[in-house]
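Residues in the sequence shown are numbered consecutively from 4, following the numbering used here.
Positions of the beta carbon are idealized from the N, C-alpha and C atoms, including for glycine.
All figures in this text were calculated on a predicted structure; none of them were measured in a lab.
Encoded as structure tokens, the structure appears first; notes follow it.
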Amino acid sequence: MYDVNKGYELAKEFYGQYGVDVDQAISVADSTPLSMHCWQGDDVIGFEKEAGALTGGIQTTGNYPGKARTAEELRADIEQAMRYIPGELKLNLHASYQEADSFVDRDAIEPKHFEKWADWAVEKGIGLDFNPTYFSHPLSENGTLSSADENVRKFWIEHGIRCRRIGQYFYERTGKVCAINHWTPDGDKEVPVDTLGPRMRLKDSYDQVFEATKDVTGVVDGIESKVFGIGAESFTAGSHEFCMGYVMKANKDHIIMTLDTGHYHPTEVVSAKLASVFTFSDRVLLHVSRPVRWDSDHVVSFDDETRAIMEELVRMDKLSKTFIATDFFDASINRIAAWTIGLRNTRKAILAALLQPVSQMKELEASGDVSARLAFKEEFKAAPFALVWDYYCEQKGAGKGLEWLANVRDYEKDVLSKRV
Ligand code: RNT
Ligand code: ZN
Numbered sequence: 004m005y006d007v008n009k010g011y012e013l014a015k016e017f018y019g020q021y022g023v024d025v026d027q028a029i030s031v032a033d034s035t036p037l038s039m040h041c042w043q044g045d046d047v048i049g050f051e052k053e054a055g056a057l058t059g060g061i062q063t064t065g066n067y068p069g070k071a072r073t074a075e076e077l078r079a080d081i082e083q084a085m086r087y088i089p090g091e092l093k094l095n096l097h098a099s100y101q102e103a104d105s106f107v108d109r110d111a112i113e114p115k116h117f118e119k120w121a122d123w124a125v126e127k128g129i130g131l132d133f134n135p136t137y138f139s140h141p142l143s144e145n146g147t148l149s150s151a152d153e154n155v156r157k158f159w160i161e162h163g164i165r166c167r168r169i170g171q172y173f174y175e176r177t178g179k180v181c182a183i184n185h186w187t188p189d190g191d192k193e194v195p196v197d198t199l200g201p202r203m204r205l206k207d208s209y210d211q212v213f214e215a216t217k218d219v220t221g222v223v224d225g226i227e228s229k230v231f232g233i234g235a236e237s238f239t240a241g242s243h244e245f246c247m248g249y250v251m252k253a254n255k256d257h258i259i260m261t262l263d264t265g266h267y268h269p270t271e272v273v274s275a276k277l278a279s280v281f282t283f284s285d286r287v288l289l290h291v292s293r294p295v296r297w298d299s300d301h302v303v304s305f306d307d308e309t310r311a312i313m314e315e316l317v318r319m320d321k322l323s324k325t326f327i328a329t330d331f332f333d334a335s336i337n338r339i340a341a342w343t344i345g346l347r348n349t350r351k352a353i354l355a356a357l358l359q360p361v362s363q364m365k366e367l368e369a370s371g372d373v374s375a376r377l378a379f380k381e382e383f384k385a386a387p388f389a390l391v392w393d394y395y396c397e398q399k400g401a402g403k404g405l406e407w408l409a410n411v412r413d414y415e416k417d418v419l420s421k422r423v
């Protein structure tokens, strides 16, 4: 039987050689909130009474049996996954996950339609984050906040306003700041002749949303850009330059950038952007995902880029200034396994980044010893952080290694497979 304590002791000796405090690393990794996205559990469909297909240029692929069909089922599945994800969590909801008794359109949603989610979060002692759903709706087919149709634009502005009020409600119920993420799919299959008009309207719409809700407290707003979506390959109103420009010009504490790891050209990486953003902004919202050749939203992997992002945040001392949210949707595997793997990887990357002698590495760099800098960076790629990870997971009751897999299989057999 593998003894995690032995591994932990050995790892402590290893890291001790470099002055790295293992317990401190565990404690910081553990208390860094991760916002777990609800939409992995039902393929981004939600519970509106007239829910239609997923639109907006994003796509889930796969037809793995057992997806949640009701909010009760989704909460039960989230609870399952949460058992195997150690550390502080929040739940990230989309407006389309409302629980009104009868159909309530997006421009009419109110806090009461999310009361059951709030009750559940309070009972679990976790925070809630939120997202306006500017897609998968009959009025979202030709643009939302950037639409040239003033009635359509008004509808979505009202949706944004309603969402900020619901964000405040979540803050009041949970006592934790609600991070709201604004992402619009607005774009075009071809490059439009007028590329400025949609941007001016998008800017005006955000201005109106924020102006109408300037009394709202306990909310921060991420503005998420994207390079392109399916069907809108040539033009995106909310491009990176647009969103960065909007956030910087707004110059308000609560308006920040959202960087989604799948939303850039394939050779661009978010890890290389963070320091520039933090030069001009105090906080950032991250959507951790895994783009495979495009914004495919694969389950987060413990890969070089995820690790590089967490290393950047740790080295800049910006972990506590970053709202870290996951954003992926894989319908080809057990959805609870997807959550567990993706969220564990995200947390593991944070821990691995913390288990490095950052101040010593900074000193070497400052003294011009770039050979040692490279030697250190390379050495810690294969340091025994997995031993610390296993110990931590066991301490938290989340199960070391792959222990969670048997439980997820049991739940699939007992619960998921019965959903038809
Ligand atoms: C889409 C964006 C957006 C969505 C969620 C569901 O490309 O990443 O964040 O994934 O809002
Ligand atoms: Zn995203």
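The ligand RNT has a heavy atom closer than 8 angstroms to the beta-carbon of Asp330. In this structure, Gly49 lies near Tyr100, with their beta-carbon atoms less than 9 angstroms apart. Within the region 93-151, the complete alpha helix (DSSP H) segments at least 4 residues long are 118-127, listed from N- to C-terminus. The continuous stretches of alpha helix (DSSP H) do not include Ala182, which lies in the beta strand (DSSP E) extending over residues 181-185.
Measuring C-alpha to C-alpha distances from Glu118 to each of Val194, Gly400, Ala98 identifies Ala98 as the nearest. A residue is called buried once 16 or more other Cβ atoms fall within 10 Å of its Cβ, and Gln43 is buried on that count. In its chain, beyond the 5 residues on either side, Pro360 have a beta carbon closer than 6 angstroms to the beta carbon of Tyr21.
Between the ligand ZN and Trp186, a heavy atom-to-CB distance of less than 8 angstroms is present.
Judged by beta-carbon spacing, Asp298 lies within the 9 angstroms limit of Asp263, meaning their Cβ atoms are closer than that value. Inter-segment contact for the region 405-413 and the region 359-377 is absent: fewer than three beta-carbon pairs are separated by less than 8 angstroms.
Residue state for Arg422 is assigned as coil, using DSSP reduced to three classes. Taking the CA atoms as reference points, Ser228 sits about 10 angstroms from Gly265. Non-local beta-carbon contacts of Phe138 in its own chain, meaning distances under 6 angstroms to residues more than five positions away in sequence, involve Thr58, Gly59, Pro188 in chain order. For the 9 angstroms CB-CB criterion, Val223 and Leu288 form a contact.
Placement of the Cβ of Glu271 at a distance of 8 angstroms or more from every heavy atom of the ligand ZN is found.
A straight line joining the alpha-carbon of Trp186 with that of Leu354 spans about 29 angstroms. Asn337 is the residue among Asn337, Arg165, Val250, Arg156 whose C-alpha sits nearest the C-alpha of Ile81. For secondary structure counted as the alpha helix (DSSP H) over 4 or more consecutive residues, the region 298-325 holds these complete runs in sequence order: 307-318.
With fewer than 16 other Cβ atoms from the protein chains shown falling within 10 Å of its own Cβ, Pro68 counts as exposed. The three-state secondary structure of Met4, taken from DSSP, is coil. Beta-bridge pairing by DSSP links Gly190 to Thr239.
For Asp45, no beta strand (DSSP E) encloses it, and the DSSP letter there is neither H nor E. With a cutoff of 8 angstroms, His162 does not count as near the ligand RNT, since its C-beta is closer than that to no heavy atom of the ligand. Beta-carbon to beta-carbon, Phe238 and Val194 are separated by about 5 angstroms, close enough to satisfy the 8 angstroms threshold.
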